[in-house]
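Below: the structure, in structure tokens.
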Amino acid sequence: MSACMDSSGKRDLVSIDDLSSNEIMALFRHADEFREDLRAWSHVCRGSIMATLFMEPSTRTRLSFESAMLRLGGGVISAADAQSTSFSKGESMADTVRVVGGAYADIVVVRHPQDGAARVAAQYAAVPVVNGGDGAHEHPTQTLCDLYTLWREKGELEGLDVALCGDLRYSRTIHSFAYALARFRANIITMPYPGFEMPQYVLDRLAREFGVSTAVASVGDLSGLASGDRGAAYLTASKPHQLALFTSLSKVDVDQIDAIYMTRAQRERHAGESLIDYPRISREMLKSERLRDTRVMHPLPRVDEIDYDVDDDPRSVYFGQAANGVPMRMALMAFLLGAIELDAERPTSFASDAGWCPPVQSVRCRNDRCVMNGEGARYLPGDFRLFRDESPPRLTCAFCGREVLAPVVGSVQTRRFHGHDHPLVRRIKVENRAYFESAEQARVAGFRGDEGVEA
Ligand code: CP
222 MSACMDSSGK RDLVSIDDLS SNEIMALFRH ADEFREDLRA WSHVCRGSIM ATLFMEPSTR
282 TRLSFESAML RLGGGVISAA DAQSTSFSKG ESMADTVRVV GGAYADIVVV RHPQDGAARV
342 AAQYAAVPVV NGGDGAHEHP TQTLCDLYTL WREKGELEGL DVALCGDLRY SRTIHSFAYA
402 LARFRANIIT MPYPGFEMPQ YVLDRLAREF GVSTAVASVG DLSGLASGDR GAAYLTASKP
462 HQLALFTSLS KVDVDQIDAI YMTRAQRERH AGESLIDYPR ISREMLKSER LRDTRVMHPL
522 PRVDEIDYDV DDDPRSVYFG QAANGVPMRM ALMAFLLGAI ELDAERPTSF ASDAGWCPPV
582 QSVRCRNDRC VMNGEGARYL PGDFRLFRDE SPPRLTCAFC GREVLAPVVG SVQTRRFHGH
642 DHPLVRRIKV ENRAYFESAE QARVAGFRGD EGVEA
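Start counting the sequence shown at 222; every next residue gets the next number (our numbering).
Structure representation (structure tokens):
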């Protein structure tokens, strides 16, 4: 989205929203060219330096970015873990990227355990920033690799039927992938391990912005996919009023499933839950005639979710997803560094219909994992997106996407507050409005309420 195009014109990739659909397709065409001969492009980014700042472990993302940059003829400086950097002494992401982005490096790739940390990096760095995974929030370059693989396999992205399976709550690859699939009008079935359903804020956004019906199918139906009983192949909903997360309910037919995207349990973000009967894809399951053209996908690393004897099945594309990370990331970096141009329009911001609140110091994000409540608590002002014409006002955290209802509105000039539907609110200029979750919060912030206003 346009939040990641700053006044200098630099482009960042913090969310998959930061690329338009046509830009994504244009990147695929460049990736295809790079893929033809990975060794033929050492002139493209000669002289450029990429820094990788990885505060969580990684094999594929960091090494494929570094390989991609080296293949483009650039150089790489790398921090592979927090302990080897001054993060371990308490240095902030903001200060780190101010130092690293510029004299040290021309582009920065970050991975961080807190939701929204990549957006902080993008805000403070003078050079393009790429999100290599921020907490449970997003992993947009994995999504580019996933979409690219699916596009190469299926020849198109529009209207594909994709089942997302496993830990949908904490898997950042799932969240970015779902937003992208919805944009391409894919039909999405969610098959979460119980207790690890897609977060409500993701489902809300899919419904609001893409018109996707929200529902949860049972993970038990994964084995049903392979049964000979056609009835069992129809995904059942875990609640009677729900069907499945499909853009078109008329297409709820697993005979049409193009891909099963399996994810591991993201144990590093769990609270020690024991996961019994976590779903697993077996060779036996893939014998089903109705899965004859289904691609088995996984962002990797795999733990136990796909049997090893499935690897040599031609429908298994997970190692291809990882390999495609190099040409895909070559294309992305060449673009962000200005070495190639994309013949495509920039994304129209989904926030363009929304206003940006003035900094709202009183409201804090409710997500404990948000960078705003993590290292950013020291220095980040509240940054919320306000959706117009909603009653009561709804604020979305610019860092992690979580939402807060703010039924109390004050004027920063008069320091008075009112219920959001009070006629006086309309007289407060948008830029002078302050939003609060409660009257008490407004009072604590030094605002005075009108007699009887206890919104
Ligand atoms: N898919 C992915 O992000 O893998 P790594 O954690 O190894 O980078």
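The C-beta atom is built at its ideal place from N, Cα and C for all residues, glycine as well.
Asked                                                                                                                        : Found
Ile237 (DSSP reduced to helix, strand or coil)                                                                               : helix
Chain-order list of residues whose beta-carbon lies under 6 Å from that of Ala544 (same chain, five-residue window excluded) : none
Secondary structure of Val348, DSSP reduced to three states                                                                  : coil
Reference Ile409, options Phe417, Arg488, Cys386, closest by Cα                                                              : Cys386
Burial state of Phe540, where buried means 16 or more other Cβ atoms lie within 10 Å                                         : exposed
Contained beta strand (DSSP E) runs [length at least 3] in the segment 369-410, N- to C-terminal order                       : 382-387
From Glu566, Leu616, Thr569, residue whose alpha carbon lies closest to that of Ser583                                       : Leu616
Buried/exposed call for Gly311, threshold 16 Cβ in 10 Å                                                                      : exposed
For Val547 and Leu259, believed in contact at Cβ under 8 Å, the rounded distance                                             : 6 Å
Bridge-paired residues (DSSP) for Tyr482                                                                                     : Leu385, Met518
Cβ-based burial, His264 [other Cβ within 10 Å; buried from 16]                                                               : exposed
Pair within 7 Å by beta-carbon distance, Asp367 and Gln487                                                                   : no
Distance CB(Met549)-CB(Ala252) smaller than 7 Å                                                                              : yes
Identified DSSP bridge partners for Tyr656                                                                                   : Val630
Cβ-based burial, Asn352 [other Cβ within 10 Å; buried from 16]                                                               : buried
Neighbourhood of Lys167 by C-beta distance below 7 Å, restricted to the same chain and skipping five residues each side      : Missing from the structure shown is residue 167; the chain here goes from 222 to 676 and no further.
Contact check, Val297 vs Met271, beta carbons under 7 Å                                                                      : yes
DSSP three-state assignment for Tyr422, whether helix, strand or coil                                                        : helix
Burial state of Arg599, where buried means 16 or more other Cβ atoms lie within 10 Å                                         : exposed
Straight-line Cα distance separating Ala247 from Ser288                                                                      : 21 Å
Residue span of the alpha helix (DSSP H) that contains Leu496, given as start and end                                        : Neither: Leu496 is in no alpha helix (DSSP H) and is coded neither H nor E.
Ser279 CB to nearest heavy atom of the ligand CP below 6 Å                                                                   : yes
Contained alpha helix (DSSP H) runs [length at least 4] in the segment 228-294, N- to C-terminal order                       : 242-257, 281-292
Beta-carbon proximity of Thr484 to Ile561, cut-off 7 Å                                                                       : no
Helix, strand or coil at Glu661 [DSSP, three-state]                                                                          : helix
Counted within 10 angstroms of its Cβ, other Cβ atoms place Gly493 as buried (16 or more) or exposed                         : exposed
Own chain, CB closer than 8 Å to Pro644, minus 5 neighbours either side, in chain order                                      : none
Pro413 - partner residues in DSSP beta bridges                                                                               : Gly387
Residues near Ala343 in its chain [Cβ-Cβ closer than 7 Å; skip 5 each side]                                                  : Cys225, Asp233, Val235, Val350
Sufficient close CB pairs (3 or more, under 8 Å) joining the segment 418-429 to the segment 512-532                          : no
Whole-angstrom C-beta distance between Tyr414 and Asp388, which should lie under 8 Å                                         : 6 Å
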